[in-house]
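Novice: Going by the working numbering, the sequence shown opens with residue 27, and the numbers climb by one from there.
One structure coming up, written as structure tokens, with questions to follow.
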Amino acid sequence: MKKISLTGIKPTGDLHIGNYFGAIKPALELANEYDARYFIADYHGLNTMKDPKELSSTIRHVAAGWLASGLDPEKVIFYRQSSIPEVFELTIMLMAFTSKGLMNRAHAYKDAAGKNREKGDDTDSGINMGLFTYPVLMAADIIIFDSDIVPVGKDQEQHVEMAQDIAQSVNANYGTQVLKVPQAQIQENVAVVPGLDGRKMSKSYGNVIPLFAPEKTLRKTIMRITTNSQTVDEPKDPDTSQIYQLYKLFADCGEQSALAARYRAGGMGWGEAKEELFRVINRELSPVRERYDAIMADIPSLDKILQQGAQKARPIAAATVKRFRKAAGID
Ligand code: ADP
Ligand code: TRP
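What follows is the structure, given as structure tokens:
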């Protein structure tokens with residue numbers, strides 16, 4: 027039997043090429059080797075997104091983004107967290123095995139509480155129970171599908187470790203392996219994709235290249251990449267240029283060395299380098315964008331794909347809950 031890879035995608039904003047290279051592509055590669063279960067963590071999104079229209083459209087945007095990038099719903103079980111009520115039953119059961127102190131140590135909560143204290147506000151000001159108990163819901167997401175590996179970015183490692191702790195407490199209490207203990211698969215070999223200003227591309231820095239922007243917007247965005255004041259004639263160092271770092275993600279080896287040589291020789295201005303970058307990005311992204319536009323033009327079909335995924339997922343989830351209830355004496 028193949029091992030199980032599971033990851034959740036929070037629907038909290040427009041997808042950008044950092045998400046594409048840092049999360050989507052590596053997870054889709056793992057789907058060739060593992061039984062993959064990928065889902066839209068919409069109840070996690072609810073913690074911060076209170077505008078119903080925005081949440082609803084972001085859920086579809088992110089789902090369509092994964093499908094347009096190549097997720098095959100015949101191969102990967104692809105669903106919305108909110109379609110699996112068993113996850114929420116398991117969350118409540120796991121709460122009984124999760125110490126409050128563990129939640130106090132979770133990064134997301136600690137950061138929010140720390141910021142409040144810095145401002146002189148009450149420690150828990152503006153912090154909802156969804157944020158505080160976030161790691162328990164995430165543990166349930168993972169544990170319910172007997173996941174072996176959880177591909178995530180470094181920032182999520184602590185949450186997966188908490189899922190391990192919680193599953194181990196359950197198993198230790200009953201003296202048998204009721205729940206599978208998952209492993210994080212940290213994507214360390216994935217380069218950090220730089221943003222327009224050279225910092226890590228992130229929606230919180232406002233420096234992103236959106237994955238599905240229309241061609242014109244894509245070009246305009248690339249033209250906004252910050253550069254230094256070197257003149258056209260001056261030789262340039264490809265390794266310190268974010269234009270070149272981005273170029274490497276989209277260009278083949280021959281193109282990469284050709285552009286590096288032109289940088290070093292001088293005579294090429296930043297404008298021209300950006301045009302070259304636009305060409306290779308648009309070459310890779312235009313078919314993805316076309317698929318995305320087609321999916322978004324037919325939301326009922328998209329919703330159906332997600333529902334079919336949920337239908338496949340629910341019996342697996344129900345079996346885990348049943349096993350746990352039996353072990354717990356709630357049978
Ligand atoms: P953002 O920083 O824009 O809020 P998220 O935290 O929602 O992005 O990231 C979702 C996924 O995309 C995570 O797995 C994260 O590791 C990956 N990711 C985000 N930005 C980048 C980047 N600049 N380079 C590589 N991976 C990234
Ligand atoms: N917390 C993850 C993030 O912010 C999203 C997520 C929710 C997740 N449930 C998960 C990731 C389960 C992996 C497994 O990116």
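Quick reminder that beta carbons are idealized off the backbone N, C-alpha and C, glycines included.
Report back the beta-carbon spacing between VAL306 and TYR273 to the nearest angstrom; my notes put them in contact at under 8 Å.
Specialist: Taking the first residue of the sequence shown as position 1, residue 306 is located at position 280. Taking the first residue of the sequence shown as position 1, residue 273 is located at position 247. Between TYR273 and VAL306 the Cβ distance is about 6 Å, and since that is below 8 Å, they are a contact.
Novice: On the CB-based measure, 16 or more other CB atoms within 10 Å of its CB, does TYR231 come out buried or exposed?
Specialist: Counted from its first residue, the sequence shown places residue 231 at position 205. Exposed, since its Cβ has fewer than 16 Cβ neighbours within 10 Å.
Novice: Quick one: does the C-beta of ALA344 sit closer than 7 Å to a heavy atom of the ligand TRP?
Specialist: The sequence position of residue 344 within the sequence shown is 318, counting from 1. False, no ligand heavy atom lies under 7 Å from that Cβ.
Novice: State yes or no: is the C-beta of PRO177 within less than 8 Å of the C-beta of PRO52?
Specialist: Here residue 177 refers to the residue found at position 151 of the sequence shown. Here residue 52 refers to the residue found at position 26 of the sequence shown. Yes, they are a contact pair.
Novice: Can you check whether the CB of GLY91 is closer than 8 Å to the CB of LEU237?
Specialist: Mapped onto the sequence shown, residue 237 falls at position 211. Mapped onto the sequence shown, residue 91 falls at position 65. Result yes, Cβ atoms of LEU237 and GLY91 sit closer than 8 Å.
Novice: Please determine if the stretch 109-129 and the stretch 72-86 are in contact, where contact requires at least 3 C-beta pairs separated by less than 8 Å.
Specialist: Taking 8 Å as the limit for Cβ pairs, the verdict is that the stretch 72-86 does not touch the stretch 109-129.
Novice: Answer yes if the stretch 281-296 comes into contact with the stretch 60-70, meaning at least three C-beta pairs across the two stretches below 8 Å, and no otherwise.
Specialist: Counting Cβ pairs under 8 Å, fewer than three are found: no touch.
Novice: How would the residue list near the ligand ADP read, in chain order, if you kept each one whose beta-carbon is closer than 5 Å to any heavy atom?
Specialist: The set, ordered by position in the chain, is GLY44, ASN45, GLY48, ALA49, GLY179, VAL218, VAL219, LYS226, MET227, SER228 and LYS229.
Novice: Identify which residue in ASP223, GLN213 and MET322 has its Cα closest to the Cα of ILE175.
Specialist: Within the sequence shown, numbered from 1, the residue matching residue 175 stands at position 149. Of ASP223, GLN213 and MET322, the residue nearest in Cα terms is GLN213.
Novice: Can you find the residues in the same chain that come closer than 6 Å, C-beta to C-beta, to ALA344, ignoring five residues on each side of it along the sequence?
Specialist: Residue mapping note: residue 344 aligns to position 318 of the sequence shown, counting from 1. These residues qualify, in order along the chain: GLU112.
Novice: Could you give the residue range of the alpha helix (DSSP H) that holds ARG340?
Specialist: Stepping through the sequence shown from its first residue, residue 340 is reached at position 314. Note, ARG340: alpha helix (DSSP H), 325-354.
Novice: The alpha helix (DSSP H) with GLY91 in it runs from where to where?
Specialist: For the purposes of this step, residue 91 is taken as the residue at position 65 of the sequence shown. From DSSP, the alpha helix (DSSP H) with GLY91 extends over 78-94.
Novice: Would the beta-carbon of LEU32 be found less than 7 Å away from any heavy atom of the ligand TRP?
Specialist: As a position in the sequence shown, residue 32 is number 6, starting the count at 1. Yes - the ligand TRP has a heavy atom lying nearer than 7 Å to the Cβ of LEU32.
Novice: Do you know whose CA, among PHE158, ALA94, ILE192 and SER151, lies nearest PRO313's CA?
Specialist: Within the sequence shown, the letter at position 287 stands for residue 313. Measuring from the Cα of PRO313, the nearest candidate turns out to be ALA94.
Novice: Going residue by residue through the stretch 133-190, where are the continuous beta strand (DSSP E) segments of at least 3 residues, counting only ones entirely within it?
Specialist: Whole beta strand (DSSP E) segments, 3+ residues: 175-178.
Novice: Might you give, ordered along the chain, the residues of its own chain that have their beta carbon closer than 8 Å to the beta carbon of ASN130, omitting 5 neighbours on each side?
Specialist: Counted from its first residue, the sequence shown places residue 130 at position 104. Excluding residues within five positions, the ones whose Cβ falls inside 8 Å are LYS136.
Novice: Which residue marks the beginning of the alpha helix (DSSP H) containing THR247, and which one marks its end?
Specialist: Taking the first residue of the sequence shown as 1, we reach residue 247 at position 221. 241-249 is the span of the alpha helix (DSSP H), which, as asked, contains THR247.
Novice: Whole angstroms are fine: how far does the CA of ILE321 sit from the CA of LYS110?
Specialist: Position 84 of the sequence shown, counted from the first residue, corresponds to residue 110. Position 295 of the sequence shown, counted from the first residue, corresponds to residue 321. It should be noted that the sequence gives Ile, not Lys, for residue 110. Roughly 23 Å between the two C-alpha positions.
Novice: Using a Cβ distance threshold of 8 Å, determine whether the stretch 349-357 contacts the stretch 191-208, with at least three qualifying pairs required.
Specialist: Yes: the two stretches touch, three or more of their Cβ pairs being nearer than 8 Å.
Novice: Are the CB atoms of VAL186 and ALA166 nearer to each other than 8 Å?
Specialist: Walking along the sequence shown from the start, residue 186 turns up at place 160. Walking along the sequence shown from the start, residue 166 turns up at place 140. No; because the gap between Cβ atoms is not below 8 Å, this pair is not in contact.
Novice: Kindly indicate which three-state DSSP category PRO236 falls into: helix, strand or coil?
Specialist: On the sequence shown, position 210 is the one that residue 236 refers to. Strand, per DSSP.
Novice: Taking a contact to mean a Cβ-Cβ separation below 8 Å, would you say ILE331 touches PHE104 in this structure?
Specialist: Taking the sequence shown and counting its residues from 1, one reaches residue 331 at position 305. Taking the sequence shown and counting its residues from 1, one reaches residue 104 at position 78. A contact, by the Cβ cut-off of 8 Å.
Novice: What are the partner residues of THR33, as DSSP defines its beta bridges?
Specialist: As a working note, residue 33 is residue 7 in the sequence shown. THR33 is bridged to TYR64.
Novice: Is ASP147 a contact residue of the ligand TRP, with contact defined as CB to any heavy atom under 7 Å?
Specialist: Position 121 of the sequence shown, counted from the first residue, corresponds to residue 147. No - the ligand TRP has no heavy atom lying nearer than 7 Å to the Cβ of ASP147.
Novice: So, with DSSP's three-state summary, where would you put LYS262?
Specialist: By 1-based counting over the sequence shown, the position of residue 262 is 236. In this structure, LYS262 counts as coil in the three-state DSSP scheme.
Novice: With respect to the alpha helix (DSSP H) encompassing ALA291, which residues constitute its N-terminal and C-terminal limits?
Specialist: Walking along the sequence shown from the start, residue 291 turns up at place 265. Run containing ALA291: 279-291, per the alpha helix (DSSP H) assignment.
Novice: Let's test the definition: count the other Cβ atoms within 10 Å of the Cβ of VAL258 and tell me whether it reaches 16, buried, or not, exposed.
Specialist: Position 232 of the sequence shown, counting from 1, holds the residue named residue 258. Result: exposed.
Novice: Could you have a look at ALA49 and say whether DSSP puts it in helix, strand or coil?
Specialist: Locating residue 49 in the sequence shown gives position 23, counting from the first residue. ALA49: helix per DSSP, three-state reduction.
Novice: Counting C-beta neighbours from all protein chains within 10 Å, is the total for THR149 16 or more, i.e. buried, or is it exposed?
Specialist: Position 123 of the sequence shown holds residue 149. With fewer than 16 Cβ atoms within 10 Å of its Cβ, THR149 is classed as exposed.
Novice: Strictly by DSSP, which residues pair up with ARG106?
Specialist: What you label residue 106 is simply residue 80 of the sequence shown in a count that begins at 1. Note: ARG106 sits in a beta bridge opposite ILE66.
Novice: For ILE110, verify whether its CB is less than 7 Å away from any heavy atom of the ligand TRP.
Specialist: Translated into the one-based positions of the sequence shown, residue 110 becomes position 84. No, since every heavy atom of the ligand TRP falls outside the 7 Å radius drawn around the Cβ of ILE110.
Novice: Could you check where the alpha helix (DSSP H) with ALA17 kicks off and where it finishes?
Specialist: This structure cannot settle anything about residue 17, because the visible part of the chain is limited to 27 through 357.
Novice: Just curious, the alpha helix (DSSP H) that GLN271 is in, first and last residue?
Specialist: For the purposes of this step, residue 271 is taken as residue 245 along the sequence shown, with counting starting at 1. That run of the alpha helix (DSSP H) goes 268-276.
Novice: For LYS229, list the residues DSSP reports as bridge partners.
Specialist: Position 203 of the sequence shown, counting from 1, holds the residue named residue 229. DSSP output for LYS229 lists no bridge partner at all.
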